[in-house]
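What follows is a single structure, written as structure tokens, with notes after it.
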Amino acid sequence: MGRLQDLYDEQGQSPWLDNLKRNWIVDGTIQQWIDRGVRGVTCNPSIFQKAVESSDAYTPQLTDLVAGGTSIEDAYWTMVCDDVTDALALFRPLYDRTGGADGFVSLEVAPSIARDTDATIEMARDLWQRIDRPNLFIKIPATVEGIPAIRQMTAEGVNVNITLIFSLDRYAAVMEAYLDGLDEAASSGHDLSRIASVASFFISRVDTEVDRRLDAIGSDQALALRGQAAVAQGQLAGAMATSAFAGPRWERLVAQGANFQRPLWASTSTKNPAYPDTMYLDRLIGPDTVNTIPEATLEAFEDHGTLARTLDADVEGARATWAEVGTLVDLLDVGNVLEAEGVTAFEKSYDELLGVIESRARGLS
């Protein structure tokens, strides 16, 4: 057994792989990751773009789709849904063995509709019905417009991975949307035990933006706080989850089978080379959480990561750090800027992905 397996067995945290490509499904690489302790997979247009650019694995299907008159965008959704469906099959034994606790694969709605509630609901519903697997997560961004979609999809019994969370205020709204959705799902007769949810904080990007602002301030106090904001926010988010999913309302939902909405730490590769490469894994370890991790960081953690419960080891210290950073940096603005940048970056990746597919398609004709 390695550290990835121990991370779950000893600490209750599920490591997920933040990558998916067809040749890994075909050549057994995904199954090898599962055997090493990976318990789920996430993907996005940027990941799929790299997969298409780096492999000829999609050429036969793309050739058939283009020959049949399929549009470039529809070709993307056909290919990515096929990849996700095949990955879901690989993770299904884990899903069944754990009673639906793990073994998930996430697929996100089109980034271009992040500000459109109705379109998000329609597309999330379509993808859920199209793939029709119980261990699928539909990724919906935690924009203001995404919150009602999260509530509605939960109410309809859809597993939702809420993505692009950058602030504690927005996280509170995300948890409330999940609770409201569960209440409505229960009223509609859905089996709450079949509804799963994770709430994805983008960790390293918070430090990147906060550190930029601290560097601009340049005082000894500001410079001493670099590299501390993201972990502190994550630790406070963990405390918020423990508090939100407790009390009479939650106990009533649990009695009907409701599942805890696990905090998920995303963007956990270290962007600043001055920081330890496993920093965002080592310092956010706690039960009933997920960390979705690129393969290089997974390998680093397997080699020299620290196995210890750190998420709630010093919540008051995290609160003090977050408050001190907040005296120097407008943290609400940080969250707003990062959300806007995140949505824009995902839209750009999606457009570039379609461009790559179109270029490949032209090469086939």
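Going by the working numbering, the sequence shown opens with residue 1, and the numbers climb by one from there. Cβ atoms here follow ideal geometry from the backbone N, Cα and C, with glycine treated the same way. Bear in mind that the values here come from a model prediction, so they are computed numbers and not experimental data.
Does the Cβ of residue 291 have 16 or more other Cβ atoms within 10 Å, making it buried, or fewer, making it exposed?
buried
Under 8 Å: do the region 325–345 and the region 210–224 share three or more Cβ pairs, one atom per stretch?
yes
From which residue to which residue does the alpha helix (DSSP H) around residue 335 run?
331–364
With residue 102 and residue 14 assumed to form a contact (beta carbons below 8 Å), what rounded beta-carbon distance in angstroms separates them?
5 Å
Outcome for residue 270 when other beta-carbon atoms lying within 10 angstroms are tallied against a minimum of 16:
buried
Here's the rule I'm using: 16 or more other beta-carbon atoms within 10 Å means buried, otherwise exposed. How should residue 144 be labelled?
By the neighbour-count rule (16 or more Cβ atoms within 10 Å), residue 144 is not buried but exposed.
Sort 135, 52, 276, 146 by Cα distance to residue 39 and report the nearest one.
135
My parser needs the alpha helix (DSSP H) runs of 4 or more residues fully inside the region 12–72; what are they?
Listed in chain order, they are 22–27, 29–36, 45–53, 59–67.
Neighbourhood of residue 85 by C-beta distance below 6 Å, restricted to the same chain and skipping five residues each side:
131
Between residue 338 and residue 206, is the Cβ-Cβ spacing less than 8 Å?
yes
How many angstroms separate the CA atom of residue 20 from the CA atom of residue 220?
Their Cα atoms are separated by approximately 43 Å.
Run through the DSSP bridge pairs and tell me what residue 141 is partnered with.
163
Identify the continuous alpha helix (DSSP H) that holds residue 328 and give its terminal residues.
315–328
Tell me, which residues are paired with residue 293 by DSSP?
17
Quick one, are the C-beta atoms of residue 171 and residue 150 less than 8 Å apart?
no
With distance defined between alpha-carbon atoms, name the residue in 54, 56, 75, 55 nearest to residue 64.
Restricting attention to 54, 56, 75, 55, the CA atom closest to the CA of residue 64 is found in 75.
Using only alpha-carbon positions, find the residue among 35, 157, 41, 314 that is nearest to residue 239.
Per the Cα distances, 314.
So, at 7 Å on beta carbons, what are the nonlocal neighbours of residue 237 in its own chain, with the 5 sequence-adjacent residues on each side left out?
168, 171, 201, 263
Just list the residues that DSSP pairs residue 367 with in beta bridges.
Residue 367 is absent from the structure shown; the chain starts at 1 and stops at 365.
DSSP state of residue 269 mapped onto helix, strand, coil:
coil
Using a Cβ-Cβ cut-off of 7 Å (strictly less than) and excluding sequence neighbours within five positions of residue 115, which residues of its own chain qualify?
If we look at residue 115 and ignore the five residues flanking it on each side, its Cβ neighbours are 143, 145.
Under 8 Å between the Cβ atoms of residue 368 and residue 183?
No statement about residue 368 is possible, as the shown extent of the chain runs from 1 to 365 and does not include it.
Count Cβ pairs between the region 39–53 and the region 102–113 that sit closer than 8 Å; are there 3 or more?
Yes, the region 39–53 touches the region 102–113.
Taking 6 Å as the limit between beta carbons, can you name the residues of its chain near residue 284, skipping five residues before and five after?
Cβ contact annotation for residue 284 (same chain, cutoff 6 Å, sequence separation greater than five): 234, 265, 311, in chain order.
From residue 30 to residue 7, what does the alpha carbon distance come to, in whole angstroms?
19 Å
Classify residue 193 as helix, strand or coil using the three-state DSSP reduction.
helix
Own chain partners of residue 289 with C-beta closer than 6 Å, once the 5 adjacent residues on each side are dropped
13, 262, 263
So, at 8 Å on beta carbons, what are the nonlocal neighbours of residue 59 in its own chain, with the 5 sequence-adjacent residues on each side left out?
360, 364
Neighbourhood of residue 329 by C-beta distance below 6 Å, restricted to the same chain and skipping five residues each side:
210, 213
Spatial neighbours of residue 232 in its chain, beta-carbon cut-off 6 Å, leaving aside the 5 residues before and after:
Setting aside the 5 residues that flank it on each side, residue 232 is surrounded in the same chain by 318, 321, 322, each with a C-beta closer than 6 Å to its C-beta; the list follows chain order.
Please report the straight-line C-alpha distance between residue 79 and residue 129, rounded to a whole angstrom.
Going by the C-alpha atoms only, they are around 16 Å apart.
Inter-residue spacing [alpha-carbon to alpha-carbon] between residue 55 and residue 70
So the two alpha carbons sit approximately 21 Å from each other.
Where residue 196 and residue 275 are concerned, what is the direct C-alpha to C-alpha distance, given to the nearest angstrom?
34 Å
How long is the line joining the alpha carbons of residue 302 and residue 62, rounded to whole angstroms?
36 Å
Around the C-beta of residue 22, are 16 or more other C-beta atoms found within 10 angstroms, so that it is buried, or is it exposed?
buried
Where residue 139 falls, given that 16 or more other Cβ within 10 Å makes a residue buried
Classification for residue 139: buried.
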